[in-house]
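In my numbering, the protein residues as written are 19 to 314.
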């Protein structure tokens, strides 16, 4: 390779942002299937018939049994598409362990959950497919660590997967940097933290079916009436936890974001998730002993 060509390629590599783990067509299809099943799992009680005695305690084991192979399908599809290799799997394990360790620091007190900001930043750097699997695996690992296994766990895994995966879909992944990117991530993190509490309420709210309160779930009622009661339920019960979580996520994204993003991007660059450099015909490389390699 000529000196000019090598210098130009090196400069381009330094100036470009490291690529996220690629989301191929098969991984995207598997991820879409998981999302559709998740939306149905959260929302089907709103369409239940009167007197059905609906609750999520009965469907949670089935959802968990379906979720694990579907997550495995996303990983296998990503490997088949060439977007996930051994280094990416190793990084997934490290980040999931860190996320699981961060969650008990707040213990859910007043909604203080520092793991959210890491899930958002990791999803931003490593892409939606990697982010979804990371969020789900981190929540599963944290539940094992804290003893938080219950009918809510598969729903938490789905919701956290959406939080982290959604960060990978934010615009400007290769061009937006500095303060503007931090503001984008802080805003997204705050909204995602609020949305997480909102969708997780859908898991617990049907347990209130039949109670004589103005915010109780009423099976068989019109969808609009149940949604109005659900909104009142969220405002009355969980907003005091969701708002501190949103504020903490935004603050950590703004303060720790630059260092964490830099570390994640450096690790991504060193892991060489991006395609390898191609050599044009006629370019030569020099081996360690000084001999020239064959033309490529």
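Positions of the beta carbon are idealized from the N, C-alpha and C atoms, including for glycine.
Keep in mind that this is a model prediction, so the values were computed, not measured.
Buried or exposed by the 16-neighbour rule on C-beta atoms within 10 Å, applied to residue i
i: residue 288; result: exposed
i: residue 195; result: exposed
i: residue 39; result: buried
i: residue 247; result: buried
i: residue 167; result: exposed
i: residue 52; result: buried
i: residue 241; result: exposed
i: residue 164; result: exposed
i: residue 57; result: exposed
i: residue 123; result: exposed
i: residue 54; result: exposed
i: residue 293; result: Confidence in residue 293 is poor, its pLDDT being 49 and thus under 50, which makes the residue's placement too unreliable to answer from.
i: residue 394; result: No answer is possible for residue 394: the residues shown for the chain start at 19 and end at 314.
i: residue 117; result: buried
i: residue 267; result: buried
i: residue 43; result: exposed
i: residue 65; result: exposed
i: residue 111; result: exposed
i: residue 198; result: exposed
i: residue 16; result: The shown model of the chain, from 19 to 314, leaves out residue 16, and the question about it has no answer.
i: residue 286; result: buried
i: residue 22; result: Confidence at residue 22 is low in this model, with a pLDDT of 42, below 50, so its placement is unreliable and the value that follows should be read with caution. Exposed, because fewer than 16 other Cβ atoms sit within 10 Å of the Cβ of residue 22.
i: residue 106; result: buried
i: residue 88; result: buried
i: residue 270; result: buried
i: residue 85; result: buried
i: residue 263; result: buried
i: residue 12; result: One cannot answer for residue 12 here, as it falls past the ends of the chain, which runs 19 to 314.
i: residue 149; result: buried
Nearest-angstrom beta carbon gap, residue j and residue i [assumed within contact, 8 angstroms]
i: residue 96; j: residue 147; result: 5 angstroms
i: residue 233; j: residue 244; result: So it is not a contact: roughly 10 angstroms between Cβ atoms.
i: residue 133; j: residue 152; result: About 11 angstroms separates the two Cβ atoms, so there is no contact after all.
i: residue 178; j: residue 154; result: 6 angstroms
i: residue 282; j: residue 143; result: 4 angstroms
i: residue 114; j: residue 48; result: About 19 angstroms separates the two Cβ atoms, so there is no contact after all.
i: residue 45; j: residue 99; result: 5 angstroms
i: residue 145; j: residue 41; result: 6 angstroms
i: residue 224; j: residue 63; result: 4 angstroms
i: residue 82; j: residue 221; result: Contact flag wrong, Cβ pair sits at about 12 angstroms.
- request: May I ask you to verify whether the region 148-168 touches the region 188-207, counting CB pairs closer than 8 angstroms and requiring at least 3?
  value: no
- prompt: Is there contact here, the region 136-153 with the region 180-190, by at least three beta-carbon pairs under 8 angstroms?
  reply: yes
message: For a minimum of 4 consecutive residues, which ranges assigned as the alpha helix (DSSP H) are wholly contained in the region 183-259?
response: 197-222, 241-255
message: I'd like to know if the region 168-178 and the region 216-223 are in contact, where contact means that at least 3 CB-CB pairs between them fall below 8 angstroms.
response: Counting Cβ pairs under 8 angstroms, three or more are found: they touch.
- prompt: In the region 144-170, which residue ranges form an unbroken beta strand (DSSP E) of at least 3 residues, counting only runs that do not cross its ends?
  reply: The qualifying runs do not exist here; there are none.
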